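Asks:
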């Protein structure tokens, strides 16, 4: 009878709520405005934390699963969940809150730490699809689904609620739009068409899988998904509460939880003040005088995330105008203070010659020994921000940490690619002491660019990530940083393991003493105009040739422009670089220095000027490029070659990733692709070996490469139908119970998938490289014919539309190899195959050409597809889209006087994605994002041979990857730029893709600059009148570009020993290095680039020379062989 009555009662509720949802029942207006409660749980109830938590709403009670506990957190009684096994399981969701019905979830919650992408608070429906069948409301850090997961129709918090505080979190769905609120403030919304599955229980702390069982781990990543948090109250209603109702509820209940609203009514509700200063529009939040906006006058974009201000107005969020301090009295302990920690209205000050000033002291806390005033001023039409620090204590205070938050609009989260490129920017530091600056460039590469310049006494000592800002970091948000003027307090503690860019400093303030630090904001009309703008601003400027990675066999040059003379030059450590100063200056006041690297490693050039300014230029001295390449190959052959016939995953005869800390190959990894011979990491080592041996053939290494291609690659990584597996390694502990040292990973079924298009170019390239080695050399390739390798390269490329068409809509890393396969198919007479491959690539390119910014990826934003997109757009004549692509690259690939940042393509999420040594979201340099983006930049330079900027950026991005190779030949995949680390990662990971980018453009580039004279990149240049001699010093010595002649010389086989030419006669004399047993013939291509002003057919040999496959054949000899070419007759 009880069961019958219970069933009837639940049926009555379900029926009534169904009628409510579809509008059949007509209710009085008052009831309609206050939707009925289905669930009303309160931790103050005596049943909370017990096996049955009493529900005061109209549905049934909740049953405990695991061991949720009743505890007191921050003075509030709550039920805590461990995120591992704890949950409360409630009644089945009814029609009134399922399907497309409007509904509301209210939760008072406390999260001690943001541990996972999604930490579930309340859920019903099910995982596994179809789309929209789930409703999981959570407090996770993932920017895409950390707040609500509907299964493919999700929302992130757009500024995750700050942990360690109680929050009133609300979800509403009104039938068309989902909204989320934090402490009465709407944080995000999205129009959605959901259809929440009916018949699944309402759960607290976990979600239901497709079978209706509780699920605590994500089925794909195997990471925590359940909530490791505390809940004090839960309310679930039919119908959507309004923003006004939510705000009223928060105000009524906030006192119990000690919750504070920092929203429009609090801080932002006081309004903004706007100022027109020179070329800028500056907007300040009136209550705090932090910057709300900083935009060029009349622009439709802002350098600050002004459109996200409402969601970032509360405690802990940094804004331009915030300051961090670390101070101590005498030799006591360092104490930290931040103006961003607690938001409240600040005292406004009236001061002469400033447009706004306020006292930051109340925001720093009562125990701060300093008072701080922030001023905004206009100085000759330039916005200036100053901080005035005064010691108001009775003792001397040492300031060992001083950082000014440098917030920019790099918040890509929640934006389309078009919005991202139109409105967002990236910031790059020059950590150069008194001469340092910050450049903020738009993602579309268009001008203007923002420059932040220091006033006197505001040195740029370090660039620190603001990890304590609660904005969720991820693929779409790198995080904010601060400009650090003093760093001793950090160097003594947090940064002990790092070698800092500059000597850490502090400043001692006596009682009553004041110190002032200031920043000026200037616009450069274009990215390429940054250095001329710095010169116009009377800033010291340096230009390093060929960059700031200096091989010991190349002569470097540094050109210095300053408003005051140089007083002294020193190198730290001493003798790392030998300096020779030229006596003369150029027509426009540039001073020239010649540099010769002597001691391998990082070093700092200190330039002291007469006016007391100090400038720091950071170099990395490396062995000769050819030696670095040789070492890399040797390390792969001896340390990374894996030969174990008993390997259960058929990986024997392969090149494996290596970990420098353990001194071992990485045969197991929880990120399965790491050890599976596919993906950028698994395939990277074989790509590196293939590319290394194209330029420096080694018979023993080529034999290993062939063995890999014919045993591990073909038939294992690659299936007989040419599809490419995701990984050979997999995680199946039931199959190999005593094998694994890792505890997670992809299962066998997942690793056998073949849909990831990014895996195919790596395989095609290895085959193509072996084809080239077989074709252009003798006796180096023995296991298969050259046609077999070309055939496999072709079929691998053509397998993409069959097995991986979905991701083929994006540009693929190493995809620039595909045009080479097409060309070689034509050279071999395989016209039909070439046409088929070209037709498929044309389809992809036409799709890119139809998009404003065709830079999508498997990630929401990435800097990896541009390489292939540019290549094919140029190939098919979509020059406008190629230019858009190039501009975007220049927007995230700077040139600054620092070996790590110079030419560094934007990367910041690789470490956590790949599970390497330091898993933070933070800037990484010396990554393959630099070298593969150098491919388009240097390609474009060949078409514009007078553009020194392109050459500097492209060459820097290409050559910086050689600094990753250590004395033994180990190649790290990237340099962690966190000032607490500043080290190369101890994993090779995907360094092979980086080396591909280097090797694709390694060469000697020679130009005559109107200001700087003869310049050599990857070579040494001697000029005697009209006679110019070039000694190639790159790693391969198979490419030479002579910019004055617009002449591009490349070799398929053989190496250049020297190239000389006469400017008047334009005759070019080439000296080839002696023959080797595998390379008896040089194969030379001669190309005049389209940048030529003269109407020349091209250059031709002086003597009759046979050709094969578009290349001239020159017989080599035991001694160097000379070969001359001259211009063809003008048309």
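Residue numbers (my numbering): 34 to 1164.
Ideal Cβ placement from N, Cα and C applies to all residues, glycine included.
Quantities reported herein were computed from a predicted structural model and do not represent experimental measurements.
What residue range does the beta strand (DSSP E) around residue 516 cover?
Replies: Its beta strand (DSSP E) spans residues 514-519.
Asks: What first and last residue would you give for the alpha helix (DSSP H) that runs through residue 221?
Replies: DSSP places residue 221 in no alpha helix (DSSP H) but in the uninterrupted beta strand (DSSP E) bounded by 218-224.
Asks: When the distance is taken between beta carbons, is residue 818 closer than 8 Å to residue 900?
Replies: no
Asks: What are the complete beta strand (DSSP E) segments, minimum 3 residues, inside the stretch 639-672?
Replies: 647-655
Asks: Taking the straight line between their C-alpha atoms, what separation do you get for residue 183 and residue 168?
Replies: 5 Å
Asks: Is residue 570 a contact residue of the ligand GDP, with contact defined as CB to any heavy atom under 7 Å?
Replies: With respect to small molecules bound, the structure shown includes none, and the ligand GDP cannot be examined in it.
Asks: Out of 701, 625, 412, point me to the one whose CA is closest to residue 772's CA.
Replies: 701
Asks: Kindly indicate the opening and closing residues of the beta strand (DSSP E) around residue 474.
Replies: In the DSSP assignment, residue 474 falls within the unbroken beta strand (DSSP E) covering 470-475.
Asks: Could you name the residues of the same chain whose beta carbon sits closer than 7 Å to that of residue 458, not counting the 5 residues immediately before and after it, in chain order?
Replies: 336, 441, 442, 443, 473, 474, 475, 476
Asks: With DSSP as the reference, identify every bridge partner of residue 714, one or two as the case may be.
Replies: None, per the DSSP bridge assignment.
Asks: What residue range is occupied by the uninterrupted beta strand (DSSP E) comprising residue 756?
Replies: It is not in any beta strand (DSSP E) - residue 756 carries neither H nor E in the DSSP assignment.
Asks: Quick check on DSSP: helix, strand or coil for residue 778?
Replies: coil
Asks: For residue 396, which option in 565, 410, 322, 433 has the closest C-alpha, if you only look at C-alpha atoms?
Replies: 322
Asks: Quick one, which of 738, 778, 969, 549 has its alpha-carbon nearest residue 798's?
Replies: 738
Asks: Going by other Cβ atoms of all chains shown within 10 Å of its Cβ, with 16 needed for buried, is residue 1110 buried or exposed?
Replies: The residue in question, residue 1110, is exposed, as its Cβ has fewer than 16 Cβ neighbours within 10 Å.
Asks: Exposed or buried, residue 621, counting other C-beta atoms within 10 Å across all chains shown (16 or more means buried)?
Replies: exposed
Asks: Whole alpha helix (DSSP H) runs in the stretch 964-1042 with 4 or more residues, listed along the chain?
Replies: 981-992, 1024-1034
Asks: Would you decide whether residue 309 is buried or exposed? Buried here means 16 or more other CB atoms lie within 10 Å of its CB.
Replies: exposed
Asks: Starting from the N-terminal side, write out each stretch of the alpha helix (DSSP H) that is 4 residues or longer and does not extend beyond the stretch 105-163.
Replies: none
Asks: Below 6 Å CB to CB, which residues in the same chain sit around residue 847 once its five sequence neighbours on both sides are set aside?
Replies: Taken in chain order, the residues that qualify are 794, 795, 798, 1029.
Asks: Is the distance from the Cβ of residue 339 to the Cβ of residue 320 below 8 Å?
Replies: no
Asks: Where does residue 19 fall in DSSP's three states?
Replies: With the chain running from 34 to 1164 in the structure shown, residue 19 is simply not present.
Asks: For the beta strand (DSSP E) containing residue 615, name the first residue and the last one.
Replies: 610-618
Asks: Kindly indicate the opening and closing residues of the beta strand (DSSP E) around residue 431.
Replies: 430-439
Asks: In chain order, what residues of the same chain lie with their CB nearer than 6 Å to the CB of residue 596, ignoring the 5 residues before and after it?
Replies: In its chain, beyond the 5 residues on either side, 571 have a beta carbon closer than 6 Å to the beta carbon of residue 596.
Asks: Please classify residue 280 as buried or exposed, where buried requires at least 16 neighbouring CB atoms within 10 angstroms.
Replies: Looking at its Cβ environment, which holds 16 or more other Cβ atoms inside 10 Å, residue 280 is buried.
Asks: Return yes when the Cβ of residue 934 is within less than 8 Å of the Cβ of residue 897, no when it is not.
Replies: no
Asks: Report the CB separation of residue 627 from residue 590 in whole angstroms; it is logged as a contact under 8 Å.
Replies: Indeed, because the Cβ distance is near 6 Å, the residues count as touching under 8 Å.
Asks: Using DSSP's beta-bridge definition, name the partner residues of residue 409.
Replies: 389, 418
Asks: Measure the alpha-carbon distance for residue 30 versus residue 269 and round it to whole angstroms.
Replies: This structure cannot speak to residue 30, because the chain is shown only from 34 to 1164.
Asks: Relative to the alpha-carbon of residue 912, which residue among 879, 872, 446 has its alpha-carbon at the smallest distance?
Replies: 879
Asks: Using 8 Å as the Cβ pair cut-off and three pairs as the minimum, do the stretch 170-179 and the stretch 106-125 touch?
Replies: no
Asks: Starting from the C-beta of residue 1100, find all residues in its chain whose C-beta is less than 6 Å away, skip the five residues before and the five after it, and write them out in chain order.
Replies: 1159
Asks: Going by DSSP in three states, residue 357 sits in which element: helix, strand or coil?
Replies: strand
Asks: Please work out which residues of its chain come closer than 6 Å, Cβ to Cβ, to residue 1162, disregarding the five sequence neighbours upstream and downstream, and give them in chain order.
Replies: Cβ within range, chain order: n/a, list empty.
Asks: Determine the DSSP secondary structure at residue 528, reduced to helix, strand or coil.
Replies: coil
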